[in-house]
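> Numbering (the working numbering), first residue to last: 6 to 254. Just so you know, even glycine gets a beta-carbon here, dropped at the ideal spot from N, CA and C.
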Amino acid sequence: MKGVNVIIDVSRYDILHTLPIREALLDYGARLILIPGHTPETITAQNIAEVDYKEIHKKASKLVKVLETGCSFRYSNPKGTDLRADIRGRSWYALDGIAHDDGSMAVLPVGEVLGSAVPGTPYGTIILDYLATFGKLKTPIVLTVKNGWVTKIKGGEEADKLRELWANIKNANYIGELGGIGLNPLNKLSGRVDTVEEQMKLGAAHIGFGDSLTYGDRVSSKLHLNGTMLDITVKVDGRTVVSNNQILV
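#1: Apart from the five residues just before and just after Tyr220, which ones in its own chain have a Cβ nearer than 6 Å to its Cβ?
#2: Taking the straight line between their C-alpha atoms, what separation do you get for Lys175 and Ala35?
#3: Counting only runs of 3+ residues fully inside the segment 82-140, write out the beta strand (DSSP E) ranges in chain order.
#4: Between which two residues does the alpha helix (DSSP H) holding Val201 run?
#5: Could you say if the segment 112-132 and the segment 66-80 meet the contact criterion of at least three C-beta pairs nearer than 8 Å?
#6: Pick out whichever of Leu148, Ile12, Lys143 and Asn249 has its Cα sitting closest to the Cα of Gly85.
#7: Three or more beta-carbon pairs under 8 Å between the segment 110-126 and the segment 183-197, yes or no?
#8: On the DSSP bridge assignment, give the partners of Tyr80 in chain order.
#9: Give a yes or no on whether the C-beta atoms belonging to Asp101 and Tyr58 are separated by under 8 Å.
#10: Just mark Glu55 as buried or exposed, buried being the case when its beta carbon has 16 or more other beta carbons within 10 Å.
#11: Beta-carbon within less than 6 Å of Glu202's beta-carbon, same chain only, minus the 5 sequence neighbours each way: which residues are those?
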């Protein structure tokens, strides 16, 4: 995609973590608009057509500043998620629907802050409510994380399928993306298998498993799979920055 200035992706799947897109963004400065898995009905829905983009941009910018100057990071929720990591020196990115600068991107529906942890530092427990390609999980999937890798998978039938999937793909169980912190108050729990709307819902957050090259890390995988948690609390250096479906910065 050398020489391309703008890429608009309306494909069924999210292509962000593919090599051609990564090169277009990072090496050639293309601007990217991702609109994966949408229909004419969803693309004109309230969470895209009526959301306050300026307010999303304002909150995302403040949250990025806190994250990029922070050291310790923690996710928790009432279901039992408790994941901690070191984020010192890491870059964070606002998906606020604005892609004016070279190498920037936007995703519809809008509203998320993305970043990764210092490699090898995430540890704790992740409890997933949604998983891309699976959609809403019949039984939550419980993941144990040590030194940045998922070491144990528990749950029902879908947990068994995930275990089988990861067994056949190198580095699929790596914590390649720490956030996804959702910002969009108009997003709903759509139940679509791509889970994009759930990922960007205010009060939700997602973890990206597998490939991490997009974030400048060195762990490569043929898979990048996003899993979403609801009712999330985010703390940076002990300060609560997201709680009870509110951004507190």
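Reading off the structure:
#1: Here residue 220 corresponds to residue number 215 of the sequence shown, with the count starting at 1. These residues qualify, in order along the chain: Ser121.
#2: What you label residue 175 is simply residue 170 of the sequence shown in a count that begins at 1. What you label residue 35 is simply residue 30 of the sequence shown in a count that begins at 1. Cα to Cα, the separation comes out at about 29 Å.
#3: Within the segment 82-140, the beta strand (DSSP E) runs of at least 3 residues that lie entirely inside it are, in chain order, 87-91, 97-100, 110-112, 117-120 and 128-136.
#4: As a first step, residue 201 must be located in the sequence shown, where it is residue number 196. Here the alpha helix (DSSP H) through Val201 covers Val201 to Gln204.
#5: Taking a cut-off of 8 Å on C-beta distances, the segment 112-132 touches the segment 66-80, as three or more cross pairs fall below it.
#6: Stepping through the sequence shown from its first residue, residue 85 is reached at position 80. When only C-alpha atoms are compared, the closest one is Leu148.
#7: Counting Cβ pairs under 8 Å, three or more are found: they touch.
#8: Mapped onto the sequence shown, residue 80 falls at position 75. Answer is Leu88 and Val239.
#9: What you label residue 101 is simply residue 96 of the sequence shown in a count that begins at 1. What you label residue 58 is simply residue 53 of the sequence shown in a count that begins at 1. Taking 8 Å as the Cβ cut-off, Asp101 and Tyr58 qualify as a contacting pair.
#10: Taking the sequence shown and counting its residues from 1, one reaches residue 55 at position 50. It is exposed - the Cβ of Glu55 has fewer than 16 other Cβ atoms within 10 Å.
#11: Working through the sequence shown from its first residue, we reach residue 202 at position 197. Excluding sequence neighbours, Glu202 sits near Pro114, Asn192 and Ser195.
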